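Residue numbers (the working numbering), protein chains in the order written: chain A, 44 to 412; chain B, 24 to 508. Glycine included, C-beta positions come from ideal geometry on N, C-alpha and C. Because the structure is a prediction, the values reported are computed rather than measured.
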Amino acid sequence: MGRLTLDGLTALPSQVWGGIRLVPLARDEPIESLRLHRSGFDADGPNGPYSARCCYAPHGLVAEWTRDGTAVPALGTALQMAARTVRKSRKPPTKLDHRTRTRFIPHQTSLEAFLPLPFNAPVDAWNLWAAFASKEKGAPREDLTAVGGHRVTGLADALRVFEIHPDQCGVLVYAADTLAGALVTPHPDDYRAMHPTLVQDKYGELIARYAHLHPHAPDLSGRLDAAAVDTVADLRAQIRAAKEAWATFHEDVMAAGLLDLDYRISDAYRMQEFTLQRFRPKSLQRGEAHVGESIMDDEGRLAFLHSFRLSETQLRRGRLLEALAEQRWDPEAAGAALGISVHALGERLRTAGYESVLNMAAFRRAEDR
Amino acid sequence: MDTLADRTAAEDVLLFVNAAIASTGQWEFHSNAAQQDWSLDFLHEYMLVNYRDVYAAMLALGINDHNRARIVLRLLQTGREASGSQRVIEGHLIARTLSDLPTSRVYRLFTTLQRAGVNNRRARAVMREWLLGRENLAFEAVKYRSALRTAVRHAHLRIEDLPGSGELAAFLFAPLRSGRFATPLFEAWRRAHFEQAAVYALPYTVAEGFAAVHRIPRATFLHRIAPQLTRNERLRLQEAASRAGADALAADEHDLGGMPLTRLAAYVLALPVAERERRREELTGALRSAARRAAGRRVGTWGRVAAVLDDSYSSSGSSEKRRRPLVVALASHFLLEALAADYRPLWLSKSTDPLLVRAHGVTALGDRVLDGLEARPDLLVVVSDGWDNAPAGMVAEVLRVWTERLDPEGATAVVHLNPVFDAAGITVRPLAEGTPTVGVRDAEDLPELVAFARFATGRSRLEDLRGHIAARVGHLLPKEEPWAA
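This is the structure:
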């Protein structure tokens, strides 16, 4: 149980392109001890090797390749440490990665593979889930539930013409002034590496529709009060006040759907001073609902955040998955909890597109009975 | 008498001038080539239909080559709609324009005329007169062979009348069936089809094609073609030459002496930062002297000047106009430094080293404009694409409050120079109401544009504007008899 905060981050003035509004978030001082996994950077690029104590690889950007050549997306974000920092490690320090693991462009697997994570899908069924999510055929009506960022009207252009602030460590993406997703990174270099991947992320069909139907986001810039200005210092004070007013307005009104919601926070995973957690809304009723992953440090600062806004269809699926998870994937008990029969539950799962889930042994047994 | 129609006309003319200076129909940071082309086409059509005489007179103003060629095309296309006196002036202006335009642009214009099916008597006469005046037609016949052939065919020219040797017809229409040529360049072109050594006697652009046919290694080719290169080709190829291993060309002394300011700034910004550091004195010296040349007798006469220069990410331009807005800002910086007695540059990124500027970060124009105004200079020049975004619209508010409360007498003049044409708005993006915005292509025009900006405040009268344009046209028109009228 808990809430999200954007402590330590300041909302800077938004940049609008068509119906897309991007709100940059800046840190006063970047977090150096947690960084994007180094496979996120070119080896000989300007960001070169760096010595962060802790690394993370954002979800959907890393896949492991199994022997038979199928890709299995990594199960959520991982916190990692360089092998040489672990005492008595036999792992050679240079072979941290790159053997069976590669960066790949996040495609439709990204969100589908992500969904079960916050909803406690059984970890022993992970390979099944991964196969289900990465198989084109098995992907549940992809065009309806979630679309790639390049298909959200104007998003690609908005990201292309967006001017990254030098201290920027995050962004909130709004389509028609509805929050579509948030990304926070510990360091500005990490943000610059992640910025182009926003167009490859998945967005709910609701967001795509909003972006399509509202081609122009309104101008929210305020007016300065000329009557109160007698000196240049007054004018400067007015400019500062206008910027602060925007930051407050953004936190209180625009990002309220993300920040004012009660979340169930699960899967606490600690390394050094950082805690990785997954959050999902406490109640899965209609309305704005975000799921995602965040990394906090000991002082409660938000080091990393990546969130998706769920669409109505995904909420429905979430409710089904949650009911199943609460009953430890016992279909009969889950059906009873929802007040429906096993067959009805199976039907619902089928309509939700989770046909392959039904192949799971437990289901077959329950339906046979 | 200042009627609404007059004011509208003045605004239309200004709109067109700004667009015709800034836009080249290429990709910009915020819009693509098709959008630019569409917007520009609309403006040309609008001006031609409503203000034909002003439209023709635009050729005398400092608009860019792309738009001048476009105006000539449209004037020739619609000659029937012009009155007799209009035709006389148009004829003069077209002749003058063609003699000013770079050769390649004129040949491209002729090809466009042929594609557009414009073949009236006046168009043919224009082509004939221009070609008759060429001094080195043999060279152009080699370099622009297909364009020249198209023009000759399209304009029904008697090829014997054209200057140069009598071999032109054979070279254009049956080059490989006519045996040896007496003209050395024609002969080199003929031999280049089967002899590698002859390739190096040809102009670079033509030789490049033959080099590909003969599969000459790039390093060898660049090394041996070096004497044929023009200065711009040489500068452009030096980086590539060092990559290809043609060390002699790469190590060739850079002659930056006579280069125009804006072109020099573009060259400097294309160099890697490390090289700019290494050649700091040479480059700064070259930029300073180019700026003094451009300023001429006006050096140091402008009093106290501040400049807000945009080096935000959007000044990186596009792949077609690489760093163009930043290039204009850098060139303006050195020109203003030469013009002003007391000069204060304010880069948006707060950088203090103009030689190392790079396009990054947000456009926080409001804060920087106030920094510039605070010292109350005589003139504040803003060089920016006008996409104020941190926060959006703040600069308009700052300028509004400044003129309302802090400087009601208007002691500080503010001029906005915009190197980018905004295709969606069909105008160069203004900073604020009441602040004059003019388009800019080359920083060398900055003094004229700042003077011209007095028309762009929205309070200018049509007669003043017409007077200005008529003066420019009168300055340009020759005293001799009209030609091709």
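Under 7 Å by beta carbon: chain A residues contacting residue i
i	result
Gly389 (chain B)	Ile282
Phe52 (chain B)	Val204
Val424 (chain B)	Leu267, Ala269, Val272 and Leu278
Chain B within 7 Å of residue i, Cβ atoms only
i	result
Arg130 (chain A)	With a pLDDT of only 45 at Arg130 (chain A), under the threshold of 50, the placement of this residue in the model should not be trusted, and no figure is reported.
Val296 (chain A)	no
Gln58 (chain A)	yes
Arg362 (chain A)	no
Pro324 (chain A)	no
Ala269 (chain A)	yes
Glu185 (chain A)	Note that Glu185 (chain A) scores 43 on pLDDT, short of 50, meaning its location in the model is unreliable; the coordinates nonetheless yield the value given after this. For Glu185 (chain A), the answer is no, since every Cβ of chain B falls outside 7 Å of its Cβ.
Leu47 (chain A)	no
Within chain B, the residues that residue i reaches when beta carbons sit closer than 8 Å
i	result
Asp262 (chain A)	Ala415 and Gly416
Ala223 (chain A)	Residues of chain B passing the Cβ test: none, with the nearest at roughly 20 Å.
Ala69 (chain A)	Those within 8 Å of Ala69 (chain A) in chain B number zero; the least Cβ separation is about 10 Å.
Ala254 (chain A)	Neighbours of Ala254 (chain A) on chain B: none; closest Cβ ~18 Å, over 8 Å.
Ala288 (chain A)	Under the 8 Å cutoff, chain B gives no residues; its nearest Cβ is about 10 Å from Ala288 (chain A).
Beta-carbon neighbours of residue i, restricted to chain A and to distances below 9 Å
i	result
Leu393 (chain B)	Val275, Leu278, Arg279 and Ile282
Proximity test, Cβ basis, 7 Å: residue i and chain A
i	result
Val443 (chain B)	no
Gly268 (chain B)	no
Glu432 (chain B)	no
Glu360 (chain B)	no
Gly384 (chain B)	yes
Trp506 (chain B)	Interpretation of Trp506 (chain B) is limited by its pLDDT of 43, a score under 50 that renders its predicted location unreliable; no figure is taken from the coordinates.
Arg428 (chain B)	yes
Glu218 (chain B)	no
Glu397 (chain B)	yes
Residue i - partner residues in DSSP beta bridges
i	result
Pro324 (chain A)	A:Tyr306
Val405 (chain B)	B:Val331 and B:His439
Tyr246 (chain A)	A:Val190
Pro368 (chain B)	B:Ala330
Tyr217 (chain A)	A:Arg64 and A:Leu222
Glu211 (chain A)	Correcting the residue type first, residue 211 (chain A) is Gln in the shown sequence and not Glu. For Gln211 (chain A), which the question treats as bridged, DSSP gives the partners A:Ala69.
Gln58 (chain A)	A:Leu65
Gln345 (chain A)	The question names Gln, but residue 345 (chain A) in the sequence shown is Leu. Leu345 (chain A) is bridged to A:Met339.
Val334 (chain A)	A:Phe351
C-beta atoms of residue i and residue j nearer than 7 Å
i	j	result
Val418 (chain B)	Val451 (chain B)	no
Ala329 (chain B)	Gly395 (chain B)	yes
Phe162 (chain B)	Ser337 (chain B)	no
Leu319 (chain A)	Val227 (chain A)	no
Val473 (chain B)	Pro442 (chain B)	no
Gly300 (chain A)	Glu331 (chain A)	yes
Thr460 (chain B)	Pro470 (chain B)	no
Cys212 (chain A)	Arg70 (chain A)	yes
Thr458 (chain B)	Leu429 (chain B)	no
Thr196 (chain A)	His257 (chain A)	no
Val351 (chain B)	Ala466 (chain B)	yes
Proximal residues of chain B, C-beta to C-beta of residue i below 7 Å
i	result
Arg266 (chain A)	Glu420
Ala299 (chain A)	Per Cβ cutoff of 7 Å: no residues; Ala299 (chain A) is ~20 Å from chain B at best.
heavy atom of the ligand SAM below 6 Å from residue i C-beta
i	result
Arg484 (chain B)	Looking for the ligand SAM in the displayed structure turns up nothing, as the structure carries no ligands at all.
Within chain B, the residues that residue i reaches when beta carbons sit closer than 9 Å
i	result
Pro209 (chain A)	Ser372, His383, Gly384 and Val385
Leu55 (chain A)	Val385, Ala413 and Pro414
Ala199 (chain A)	Neighbours of Ala199 (chain A) on chain B: none; closest Cβ ~13 Å, over 9 Å.
Ala218 (chain A)	Under the 9 Å cutoff, chain B gives no residues; its nearest Cβ is about 18 Å from Ala218 (chain A).
Using a Cβ-Cβ cut-off of less than 7 Å, give me the residues of the region 321-337 of chain B that come near chain A, in sequence order.
So the list reads Ser335, Tyr336 and Ser337, given in the order they occur along the chain.
With 8 Å as the C-beta to C-beta threshold (strictly closer), list the residues of the region 362-394 of chain A near chain B in chain order.
Here the close residues number zero.
Along the region 231-250 of chain A, where does the CB come closer than 8 Å to a CB of chain B? Name the residues.
Interface annotation for the region 231-250 of chain A against chain B: empty, criterion Cβ-Cβ distance under 8 Å.
Which of the residues in the region 330-345 of chain A, read from start to end, lie with their CB under 9 Å from any CB of chain B?
Among the residues of the region 330-345 of chain A, none has a Cβ less than 9 Å away from any Cβ of chain B.
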